[in-house]
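Enquirer: Let me give you the structure first, and then I'll get to my questions.
Protein chains in written order, with the UniProt record's numbering: chain A, 1 to 235; chain B, 1 to 238.
Take a look at the structure:
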């Protein structure tokens, strides 16, 4: 048990020592996860809305595919991304393998279905009603779009939080396409996995605490915006 | 706005849910009247109303509005409200103001119109509440006030007074009759309440299993010998 307690003590010492390597790892993790969430949002929100509010043949197939992609293992996504980005792969000429860009690509592939699926699900139900109501009140084109985004803003925020959570906590994809290279592609999760394998539990615990704190702060900020809206629904 | 439907058929999953043919193959909804659509559950009332309102397309048949096919100009002069309205996640005031804002009403005119509607529907006290927090009756009054805010020519109502208190029902009926008499608003209303249909409607259409069995004045339905209509009226009496 001692090693766990010592691990926590060492963890706090490490956190408050402001180790440049730790700071660099945290900043890279945030950069990669925020970037992939941003790209995932730019792709997933419009597609989720468009597919959700329109009725078309094959919509059920689309939803099933989407929900399947939502639960795809990160390691599989990492593997496929690596196959495409590897030197001998179709995009090998861009030399993206083992770079932060490759990590962002892999995480974007990972979070886009999550964001898209959540938005799609709500747009299919409440979004459709909002569009129909807007039309009966005279709204068209841009007015409908603005109305829909405002009505779904809570859902979009939930999708963002979920997407970011999936991105910052995954290890499989970034490990494969990033390679966990020191000072270049090492992020919090790969750092924890590596130190755990080496038996250095204190630094693993320290990074775990930092990861949890960052997740808590990010979720709290976004939760504030979401619940600021959601509270109004309570009786 | 006169609305005429001809031989409308609507099919869902190869099942005909609405098929207007024979004696009542053509239905006429005269401008400035209050038309009631009545009938048992699943008779096709909502489907017919949504087709006339331009919200869903018929599988076959035609609808003419003042002898013209549906276009955006005609569609923007009609509105639709149900007993489970979709109110926007904003204040009651903002909900009612929404149709006026997208029509670029001047601020003073907008405020005046919304204030009048809030007073008329007795919802001034809740004007700042989020519309998603309202009770059933308050929601229906807000939805109706919003629908009437831009003075449409045709108002479609799907059970607008279902599950609300008698005072609110009276308030809504008074508002509808006032709009109909003062502004010539054409109202097409689905109701399960036969006494309400008699109170406010000038014309009744009876649907059963997707077919129209009757379309005439409320007085004449009482003399109908059709067993389904007779049964419906008998149940409504008790």
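Backbone N, C-alpha and C define an ideal beta-carbon position, used for all residues, glycine too.
#1: Please return the same chain residues whose Cβ sits closer than 7 Å to the Cβ of residue 183 of chain A, not counting the five positions on each side in sequence.
#2: Go ahead and label residue 208 of chain B buried or exposed: buried means 16 or more other beta carbons lie within 10 angstroms of its beta carbon, across all protein chains shown.
#3: Give a yes or no on whether the C-beta atoms belonging to residue 26 of chain A and residue 210 of chain A are separated by under 8 Å.
#4: Taking residue 138 of chain A as the query, report the chain B residues whose CB atoms sit under 7 Å from its CB, ordered along the chain.
#5: In chain A, which residues lie less than 9 Å from residue 55 of chain B when you measure between Cβ atoms?
#6: Could you give the distance in angstroms between the alpha-carbon of residue 115 of chain B and the alpha-carbon of residue 65 of chain A?
#7: I need the DSSP call for residue 39 of chain A, collapsed to helix, strand or coil.
#8: So which residues of chain B does residue 143 of chain A contact, with C-beta pairs closer than 7 Å?
#9: Closer than 9 Å by beta-carbon distance: list the chain A residues that pair up with residue 270 of chain B, in chain order.
#10: DSSP three-state call for residue 184 of chain B: helix, strand or coil?
#11: Please give me, in chain order, every unbroken run of the beta strand (DSSP E) with length at least 3 that falls completely inside the stretch 78-150 of chain B.
#12: At the level of alpha carbons, what is the spacing between residue 133 of chain A and residue 99 of chain B?
#13: What do you get for residue 13 of chain A, buried or exposed, if any count of 16 or more other CB atoms within 10 angstroms of its CB means buried?
#14: Taking just the CA atoms, how far does residue 127 of chain B sit from residue 198 of chain B?
#15: Using a C-beta cutoff of 8 Å, does residue 86 of chain B count as contacting chain A?
#16: For residue 84 of chain B, tell me which candidate among B:221, B:154, B:131 and B:150 has the shortest Cα-Cα distance.
#17: Checking 8 Å against the spacing of the C-beta atoms, do residue 74 of chain A and residue 170 of chain A come in under that value?
#18: How long is the line joining the alpha carbons of residue 202 of chain A and residue 58 of chain A, rounded to whole angstroms?
#19: If you follow the alpha helix (DSSP H) that residue 7 of chain A is part of, which residue opens it and which one closes it?
#20: Given a cut-off of 8 Å on the beta-carbon distance, is the pair residue 48 of chain A and residue 116 of chain A in contact?
#21: Rounded to whole angstroms, what is the Cα-Cα separation between residue 28 of chain A and residue 89 of chain B?
#22: Three or more beta-carbon pairs under 8 Å between the stretch 209-224 of chain B and the stretch 52-64 of chain B, yes or no?
#23: Apart from the five residues on each side of it in sequence, which residues of its chain come closer than 8 Å, Cβ to Cβ, to residue 175 of chain B?
#24: Indicate whether at least one CB of chain A lies closer than 8 Å to the CB of residue 109 of chain B.
#25: Go ahead and pull the three-state DSSP assignment for residue 220 of chain A.
#26: Would you call residue 138 of chain B buried or exposed, if buried means 16 or more other Cβ atoms sit within 10 Å of its Cβ?
#27: What does the Cβ neighbour count give for residue 158 of chain B, buried or exposed, with the cut at 16 atoms within 10 Å?
#28: Which of helix, strand or coil does DSSP assign to residue 101 of chain A?
#29: Measuring straight from C-alpha to C-alpha, what distance separates residue 31 of chain A and residue 2 of chain A?
#30: Would you grab the beta carbon distance between residue 40 of chain B and residue 9 of chain B for me? Rounded to a whole angstrom, and I think it's under 8 Å.
#31: State yes or no: is the beta carbon of residue 21 of chain A nearer than 8 Å to at least one beta carbon in chain B?
#32: Which residue marks the beginning of the alpha helix (DSSP H) containing residue 191 of chain A, and which one marks its end?
#33: Going by alpha carbons, who is nearest to residue 155 of chain B out of B:63, B:123, B:22 and B:82?
#34: Between the alpha carbons of residue 60 of chain B and residue 28 of chain B, how many angstroms are there, rounded?
#35: Mind checking residue 221 of chain A: buried by the 16 CB within 10 Å criterion, or exposed?
#36: Counting beta carbon pairs with one atom in the stretch 161-176 of chain B and one in the stretch 67-79 of chain B, are three or more of them shorter than 8 Å?
Expert: By the coordinates alone:
#1: Closer than 7 Å at the Cβ level, and outside the excluded window around residue 183 of chain A, lie 24.
#2: buried
#3: Taking 8 Å as the Cβ cut-off, residue 26 of chain A and residue 210 of chain A qualify as a contacting pair.
#4: Within chain B, the C-beta atoms nearer than 7 Å to that of residue 138 of chain A come from 76, 99, 102, 103 and 150, in chain order.
#5: 132, 135 and 136
#6: 49 Å
#7: Three-state DSSP puts residue 39 of chain A in a helix.
#8: 102
#9: Here chain B comprises residues numbered 1 to 238, so residue 270 of chain B is not present and cannot be evaluated.
#10: Coil, per DSSP.
#11: You should have 78-82.
#12: 11 Å
#13: Only exposed fits residue 13 of chain A, as fewer than 16 other CB atoms lie within 10 angstroms of its CB.
#14: 33 Å
#15: Judged by the 8 Å Cβ criterion, residue 86 of chain B is in contact with chain A.
#16: B:131
#17: yes
#18: 52 Å
#19: 2-16
#20: Against a cut-off of 8 Å, the Cβ pair of residue 116 of chain A and residue 48 of chain A comes out as a contact.
#21: Counting only the Cα atoms, residue 89 of chain B lies some 38 Å from residue 28 of chain A.
#22: Contact fails between the stretch 209-224 of chain B and the stretch 52-64 of chain B, because fewer than three Cβ pairs, one in each stretch, are under 8 Å apart.
#23: If the five residues before and after residue 175 of chain B are omitted, its C-beta is found closer than 8 Å to the C-beta atoms of 120, 121, 144 and 148, all from its own chain and listed in chain order.
#24: Closer than 8 Å: no.
#25: Three-state DSSP puts residue 220 of chain A in a helix.
#26: buried
#27: buried
#28: helix
#29: Using only the alpha carbons, I get a separation of about 35 Å.
#30: That pair is no contact at about 20 Å.
#31: no
#32: 188-197
#33: B:82
#34: 17 Å
#35: exposed
#36: Result no; under three Cβ-Cβ pairs closer than 8 Å.
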